[in-house]
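This report concerns only the one structure given below.
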Amino acid sequence: MVRDLSGVLDAVLAGILVLDEEGRIELANSAACRIFETSAESACGLPVERLLGPDHAIAKLALGVLASGRAAVDSERRVERRRADAVVVDTSASPLFDDDQGISGVVLFLRDRTIQKQLEELVVERERLSAFGHIAAGIAHEVKNPLGGIRGAAEILGARTEDGRMQEAAKLVVREVDRIAALVDELMVFARGDEVHLAPVNIHRVLDHVLELLRMDASAPAVRVDRVFDPSIPELLADDRRLTQVFLNLAQNAVQAMGPEGGTLTIRTRMSLAHLLSTEVEGSVPLLRVTVADTGPGIAPDVLAELATPFFTTRAGGTGLGLAVSRHWVARHGGSLRIESTPGEGTAVQVALPLRRAS
Ligand SMILES: Nc1ncnc2c1ncn2[C@@H]1O[C@H](COP(=O)(O)OP(=O)(O)O)[C@@H](O)[C@H]1O
Ligand SMILES: [Mg+2]
Numbered sequence: 000m001v002r003d004l005s006g007v008l009d010a011v012l013a014g015i016l017v018l019d020e021e022g023r024i025e026l027a028n029s030a031a032c033r034i035f036e037t038s039a040e041s042a043c044g045l046p047v048e049r050l051l052g053p054d055h056a057i058a059k060l061a062l063g064v065l066a067s068g069r070a071a072v073d074s075e076r077r078v079e080r081r082r083a084d085a086v087v088v089d090t091s092a093s094p095l096f097d098d099d100q101g102i103s104g105v106v107l108f109l110r111d112r113t114i115q116k117q118l119e120e121l122v123v124e125r126e127r128l129s130a131f132g133h134i135a136a137g138i139a140h141e142v143k144n145p146l147g148g149i150r151g152a153a154e155i156l157g158a159r160t161e162d163g164r165m166q167e168a169a170k171l172v173v174r175e176v177d178r179i180a181a182l183v184d185e186l187m188v189f190a191r192g193d194e195v196h197l198a199p200v201n202i203h204r205v206l207d208h209v210l211e212l213l214r215m216d217a218s219a220p221a222v223r224v225d226r227v228f229d230p231s232i233p234e235l236l237a238d239d240r241r242l243t244q245v246f247l248n249l250a251q252n253a254v255q256a257m258g259p260e261g262g263t264l265t266i267r268t269r270m271s272l273a274h275l276l277s278t279e280v281e282g283s284v285p286l287l288r289v290t291v292a293d294t295g296p297g298i299a300p301d302v303l304a305e306l307a308t309p310f311f312t313t314r315a316g317g318t319g320l321g322l323a324v325s326r327h328w329v330a331r332h333g334g335s336l337r338i339e340s341t342p343g344e345g346t347a348v349q350v351a352l353p354l355r356r357a358s
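Right under this line is the structure:
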């Protein structure tokens, strides 16, 4: 019995694309169609760079193999999609030869690594946060206790002395103690046991509140605000104070990144039905996705790698706690936070929250 080969290829979980000697698509199995959001009918006959875009690394890989006749690989490539979330794929490309050893085409084998990649990132993020949580809780405890005593003593000294310089010095101590206490309070966020208080929340109300707080900041430069809200999003069970803090941090970062010239701050909401990779939520839950995007300078790749580290800052006067605190509260809601940036174009921070219904 001769099987229909295309049925077999469609059953393969990896994407398979076969190109002819001119780089036109001869065959696309169903996994490849899913990755590139196309159908076999519309893909077949198209030059590969028409399907993927002329600068697409996978198209270049395929054309390179056609030209050289040597197999090549490409790993962890992000493929942006219009209707669904981007995927991360590993590709291997092998030349096909005709009877005379001429190159007659190329076969691309595409493995969808998205879920694996997300899981890896999630594990790293959780581990960092949990290690940091232990240390932070310990330090906070050790530091906060004596602060009250120091502050009280400085106040007494200041009140008892007639010497103006001594009074100034005592005031300085009080002021600095208050600053340290505020920092310690921020650190306490990472300590265990700080619960989120879940109640029905209208996410658009939270985001509008954040925009209002942002407008009240007189030092903020003129920023154009683009609200792209999906009105069909229902209320979700969440802690609105914490979410306000999260999105205020992200919006402030966006505004600060755009600098005195300003730019456009876009806040977008949508729902998606992706599986949530979280240990705190069972099974597949609809996700609420909120994107905070700016038209600032973007983030260089080496800086991007540091951003999961608390206290990392490139701003004079920054604490480097904004993103860490945001990540923490998003994680406490069972969600995730991802930063995407193209240097020179801007940054988009994507927050995914499980849409637990207030029922
Ligand atoms: N939207 C953004 N555009 C460019 N860089 C950003 C953006 N958001 C955060 N960053 C970078 O991340 C660093 C850490 O941010 P954050 O944790 O909020 O601390 P802080 O704002 O105190 O520096 C910033 O100093 C900046 O380098
Ligand atoms: Mg910040």
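If you're matching positions, the sequence shown starts at 0 in numbering that gives the first Met the number 0 and goes up one per residue.
For glycine and all other residues, C-beta sits at the position ideal for the given N, C-alpha and C.
How would you label Asp184, buried or exposed, when you count the other beta carbons within 10 angstroms and need 16 or more for buried? The residue labelled residue 184 in the question sits at position 185 within the sequence shown. Exposed is the call here.
Using only the heavy atoms of ligand 1, determine whether one of them is closer than 7 angstroms to the beta carbon of Ala307. Here residue 307 refers to the residue found at position 308 when the sequence shown is read from its first residue. Not a single heavy atom of ligand 1 lies less than 7 angstroms from the C-beta of Ala307.
Can you have a look at Asp293 and say buried or exposed, based on whether 16 or more other CB atoms are within 10 angstroms of its CB? Translated into positions along the sequence shown, residue 293 becomes position 294. Result: buried.
Report yes if the CB atom of Thr268 is closer than 8 angstroms to the CB atom of His203, and no otherwise. Position 269 of the sequence shown, counted from the first residue, corresponds to residue 268. Position 204 of the sequence shown, counted from the first residue, corresponds to residue 203. Contact: yes.
Val200 versus Arg110: straight-line alpha-carbon distance, rounded: Here the question's residue 200 lines up with position 201 in the sequence shown. Here the question's residue 110 lines up with position 111 in the sequence shown. For Val200 and Arg110, the distance between alpha carbons rounds to 39 angstroms.
Using a Cβ-based criterion (distance less than 7 angstroms to any ligand heavy atom), does Thr318 qualify as near ligand 1? Within the sequence shown, numbered from 1, the residue matching residue 318 stands at position 319. Result yes, Cβ under 7 angstroms from ligand 1.
C-alpha gap between Ile179 and Gly316, whole angstroms: On the sequence shown, position 180 is the one that residue 179 refers to. On the sequence shown, position 317 is the one that residue 316 refers to. The straight-line gap separating the alpha-carbon atoms of Ile179 and Gly316 is approximately 14 angstroms.
Taking 7 angstroms as the cut-off, does the CB of Gln251 come closer than this to any heavy atom belonging to ligand 2? Taking the first residue of the sequence shown as position 1, residue 251 is located at position 252. Under cutoff, so the answer is yes.
Do Asp3 and Gly104 have their C-beta atoms within less than 8 angstroms of each other? Here residue 3 is taken as the residue at index 4 of the sequence shown, counted from 1. Here residue 104 is taken as the residue at index 105 of the sequence shown, counted from 1. The answer is no: Cβ separation not under 8 angstroms.
In this structure, what does DSSP give as the bridge partners for Asp19? On the sequence shown, residue 19 is found 20 positions in, with the first residue counted as 1. Within the DSSP secondary-structure output, Asp19 pairs in a beta bridge with Gly104.
Under a three-way DSSP split, which group does Ala253 fall into? The count along the sequence shown starts at 1 and reaches residue 253 at position 254. Ala253 falls in the helix class under three-state DSSP.
Starting from the N-terminal side, write out each stretch of the beta strand (DSSP E) that is 3 residues or longer and does not extend beyond the segment 35–83. Fully enclosed beta strand (DSSP E) runs of 3 or longer: 71–78.
Local Cβ density within 10 Å of Ile57, reported as buried at 16 or more and exposed below that: The residue you call residue 57 lines up with position 58 of the sequence shown. When all chains shown are included, Ile57 counts as buried.
Comparing alpha-carbon positions, which option in Ala347, Glu344, Leu249 lies nearest Leu212? As a position in the sequence shown, residue 212 is number 213, starting the count at 1. Ranked by Cα distance from Leu212, the options Ala347, Glu344, Leu249 are led by Leu249.
Using a Cβ-Cβ cut-off of 6 angstroms (strictly less than) and excluding sequence neighbours within five positions of Ala299, which residues of its own chain qualify? Position 300 of the sequence shown holds residue 299. For Ala299, where only same-chain residues beyond five positions count, the Cβ hits under 6 angstroms are Pro342.
What residue does the beta strand (DSSP E) around Ile338 start on, and which one ends it? On the sequence shown, position 339 is the one that residue 338 refers to. Run containing Ile338: 335–341, per the beta strand (DSSP E) assignment.
Would you call the CB atoms of Ala71 and Leu60 closer than 8 angstroms? Counting from 1 along the sequence shown, the entry for residue 71 is found at position 72. Counting from 1 along the sequence shown, the entry for residue 60 is found at position 61. With respect to Leu60, Ala71 sits close: the two C-beta atoms are nearer than 8 angstroms.
Using a Cβ-based criterion (distance less than 7 angstroms to any ligand heavy atom), does Ile298 qualify as near ligand 1? Working through the sequence shown from its first residue, we reach residue 298 at position 299. Taking the Cβ of Ile298 as the reference point, at least one heavy atom of ligand 1 falls within a distance shorter than 7 angstroms.
What are the start and end residues of the alpha helix (DSSP H) that includes Pro300? Along the sequence shown, one-based indexing puts residue 300 at 301. For Pro300, the enclosing alpha helix (DSSP H) stretches over residues 300–305.
Tell me the rounded alpha-carbon separation between Glu75 and Arg150. By 1-based counting over the sequence shown, the position of residue 75 is 76. By 1-based counting over the sequence shown, the position of residue 150 is 151. Cα-Cα distance, rounded: 54 angstroms.
Closer than 7 angstroms to a non-hydrogen atom of ligand 2 - does that hold for the CB of Asn248? Numbered from its first residue, the sequence shown carries residue 248 at position 249. Yes; taking the cut-off as 7 angstroms, the Cβ of Asn248 has a heavy atom of ligand 2 nearer than that.
Inter-residue spacing [alpha-carbon to alpha-carbon] between Val209 and Ser38: Counting from 1 along the sequence shown, the entry for residue 209 is found at position 210. Counting from 1 along the sequence shown, the entry for residue 38 is found at position 39. Their backbone Cα atoms lie some 42 angstroms apart in a straight line.
Any idea what DSSP makes of Asp225, helix, strand or coil? Your numbering for residue 225 matches position 226 in the sequence shown. DSSP, read as helix, strand or coil, puts Asp225 in strand.
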